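Structure, as structure tokens:
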Amino acid sequence: MRRRTPTTSLALALVATLTTASLAGTASAAPATAAAPAPAVAALAAPDVSLSNIQAHLTQFNSIATSNGGNRRSGSAGYTASVNYVKGKLQAAGYTVTEQNCSTCTYPGNNLIAEWPQGPSDQVVMFGAHLDGVAAGPGINDNASGSSALLENALVLAAQNPTMTKRVRFAWWNGEEQGLQGSKHYVNQLSSTQRGYIKGYYNFDMVGSPNGGYFINRITSATAAPLKAYWDSFGISPEENTEGQGRSDDYSFANAGIQTSGYAAGASYTKSSAQASKWGGTAGAAYDGCYHRSCDNTSNINTTILNRAADGVAYAIWALAVGGGTPSNDFSVSVSPTSGSVARGGSTTATVSTATTAGSAQTVALSASGAPSGVSVSFSPSSVTSGGSATMTVTASSTATTGTFTLTVTGTGSATRTASYTLTVTGGSGGCTGGQLIGNSSFESGTTPWTASSGVITNSSSQAARTGSYKAWMNGYGSSRTDTLSQSVTLPAGCSSYTFSFWLHIDTAETTSSTAYDKLTVQVGSTTLATYSNLNKATGYTQRTFNLAAYAGQTVTLKWTGVEDSSLQTSFVVDDVTLQVG
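Residue numbers (the working numbering): 7 to 588.
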């Protein structure tokens, strides 16, 4: 969302409202105290949008910024790479994709427009988010959060391919931070007839603010009804987005007479005591303390709010534009990590997770396509009951074709659902045998080859795994205790990258905002990579990544040590550990 500058300026129960009223702005969302159950009023079985897939998009945008001067500012190389990333995903999914150059923008660059080619072309529901950030940082909450939520919704819509009653159009804007320039350019290029085709525009700007709230643009309008209905189903009492009024791309559409709404979670405004009481979080603190700063990275996300925003988008799409063709029993498929590297003669693994998104659980058969010559893909087990997971093993022969390829992982049950995995095959020159080195990386295959304190590797329902059922849960007893987790690995020499990554969730009963009573130390050998504490608590999982190139050619032990004091529990939960070399 751009900084404020001086200016003069549906559930089934909603169907009757939405058909008798015309489809009539921007902030963020807050740390919820507990995960709420799915809404009782699901719009024609709207799908559950995968949070892990959205987080994978956020990680990609963060990597793009890191590789391009630390930001994704409009018109920059980081912005162009962001456009190319989103465009590639959409084209592969079957969208009609157009790049529209905004030559009048302060930093010329392209808007990206993607239309699902189903439904009447004169009845359009549009969903947009600005893709650019500011020069100060990677712009993950502002606004890779909105961009990623829309991208994953677009991919889910394509995968589900339901019967459409309206046409759905997605947009990612250039130049929002310089004054909504990209969206203004788009609207100004529309004829009056084309504007009339758009029955509603929905904007999503900063939908993962770490201390956020639940805000809806024009909350009492008919256009906002499906967004509000979804959040109302959690009992979270959303509020009008006063901070974002006139500050994001919905304003460009409103000025052209197009009805608008959208979600936001808040920017630099401070959370009131009343808001903290009903939503959680810290009263008197900004919704996003890293707004327009370098710390707006993948750690700057409230995953509960982000997840509810993304699922609310799906709810609105299904309520507004989808017919009754959704299967009564349905499921989703996701892959973690979403990419990997393997050298000729080596192998790598990933976790394929499924979830029941409608009706009852069912048997899902797993397969993969798109592998190059000399590469085989297997699954263990080869079929799962939706809600379960499997290990995907990718093996490259000594003569495998090198390069980067997109594998399509397919789950077949009452419907066919897919997920993408980007595979890089290297020649293994210089002695490098690439691949993913961590054994049993998602803890789904018992304790081997991990060494852990008793009870650390567990499928206890008291702490949710990020994927699958098992995770490593250290501490959480509320009494003096030390828990450890470790695995020894050998890093081959001669590789170009050595990326160690794991997902960490921290919750605590400690109330201090200044004292680290309980600590988790992460080490490679005797070297400390990072220390986390009760002060790093967060609602969901956060990915932590380290470069271990300094240990090439060595056998090292990766170790987590959790130390808890004598009162007030802190839980350190680790999942999906990888060490990718290539």
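All residues carry an ideal CB built from backbone N, CA and C; glycine is no exception. In this text, all values refer to a predicted model and were calculated from it rather than measured experimentally.
T304 and A120 have their C-alpha atoms spaced approximately 26 angstroms apart.
The beta carbon of P378 sits closer than 6 angstroms to the beta carbons of T407, F411 from its chain, once the five residues preceding and following it are set aside; these are given in chain order.
Cβ atoms of A273 and Y257 stay farther apart than 8 angstroms, at about 15 angstroms. Between the segment 525-536 and the segment 553-562 there are three or more inter-stretch CB-CB distances shorter than 8 angstroms, so the stretches are counted as touching. Every beta strand (DSSP E) of 3 residues or more that sits fully in the segment 179-229 is shown, in chain order, as 204-210. At the C-beta level, Y476 and I463 come within 8 angstroms of one another. Rounded to whole angstroms, the Cβ separation of Q549 and T65 is 6 angstroms, and the two are in contact under 8 angstroms. Straight-line measurement puts the Cα of S573 at about 24 angstroms from the Cα of N465.
Rounded to the nearest whole angstrom, the C-alpha separation of G202 and Y220 is 30 angstroms. Within the same chain, and ignoring the five residues on either side of V579 in sequence, the residues whose Cβ sits closer than 6 angstroms to its Cβ are Q469, K477, W479, H511. Residue nearest to T357 within the set V370, Y91, D582, K234 is D582 (criterion: CA-CA distance). Annotation: V140 to N180 spans about 11 angstroms, alpha carbon to alpha carbon.
Scanning its chain for C-beta atoms nearer than 6 angstroms, with the 5 sequence neighbours on each side dropped, one finds around A458 the residues L491, in chain order.
Excluding its 5 nearest sequence neighbours in each direction, S243 has C-beta neighbours in its own chain below 7 angstroms: K284, listed in chain order.
T548 is bridged by DSSP to L510. Using a Cβ distance threshold of 8 angstroms, E570 and D524 count as a contacting pair. In the three-state reduction of the DSSP assignment, N313 falls in the helix class, which pools H, G and I. Taking a C-beta distance under 8 angstroms as the contact criterion, V400 and S467 do not qualify as a contact pair. Counting C-beta pairs closer than 8 angstroms gives fewer than three between the segment 108-118 and the segment 167-175, which falls short of the contact rule. The distance from the Cβ of L526 to that of T518 is about 16 angstroms, inconsistent with a contact at the 8 angstroms cut-off. N306 is positioned such that its CB atom lies no closer than 8 angstroms to that of M212. Only residues of its own chain outside the window of five on either side were considered, and among them I119, G134 have a CB closer than 6 angstroms to the CB of A177, listed in chain order. Contact check for G417 and V341: beta-carbon distance about 11 angstroms, past the 8 angstroms limit, so the pair fails to qualify. In this chain, the alpha helix (DSSP H) harbouring Q66 covers 57-73. When C-alpha distances from D294 are compared across P216, M398, R253, the shortest belongs to P216.
Under DSSP, I463 forms a beta bridge with A478.
Excluding its 5 nearest sequence neighbours in each direction, T72 has C-beta neighbours in its own chain below 8 angstroms: P144, listed in chain order. Assigned with DSSP and collapsed to three states, K93 falls in helix. Under the DSSP assignment, G152 falls in the alpha helix (DSSP H) whose first and last residues are 151-166. One Cα belongs to T171, the other to A270, and the distance between them is close to 27 angstroms. In the three-state scheme derived from DSSP, where H, G and I count as helix and E and B as strand, K284 is classed as helix. Excluding sequence positions up to five before and after E245, its CB lies within less than 8 angstroms of the CB of G219, Y220, F221, I222, I225, Q281, all in the same chain and listed in chain order.
Apart from the 5 residues on each side of it in sequence, T276 sits with its Cβ closer than 7 angstroms to the Cβ of G290, A291, A292 in its chain, given in chain order.
Within the DSSP secondary-structure output, K525 pairs in a beta bridge with S539, V569.
Going by C-alpha positions, I264 is about 31 angstroms away from T309. For the pair I60 and S88, the CB atoms are not nearer than the 8 angstroms cut-off.
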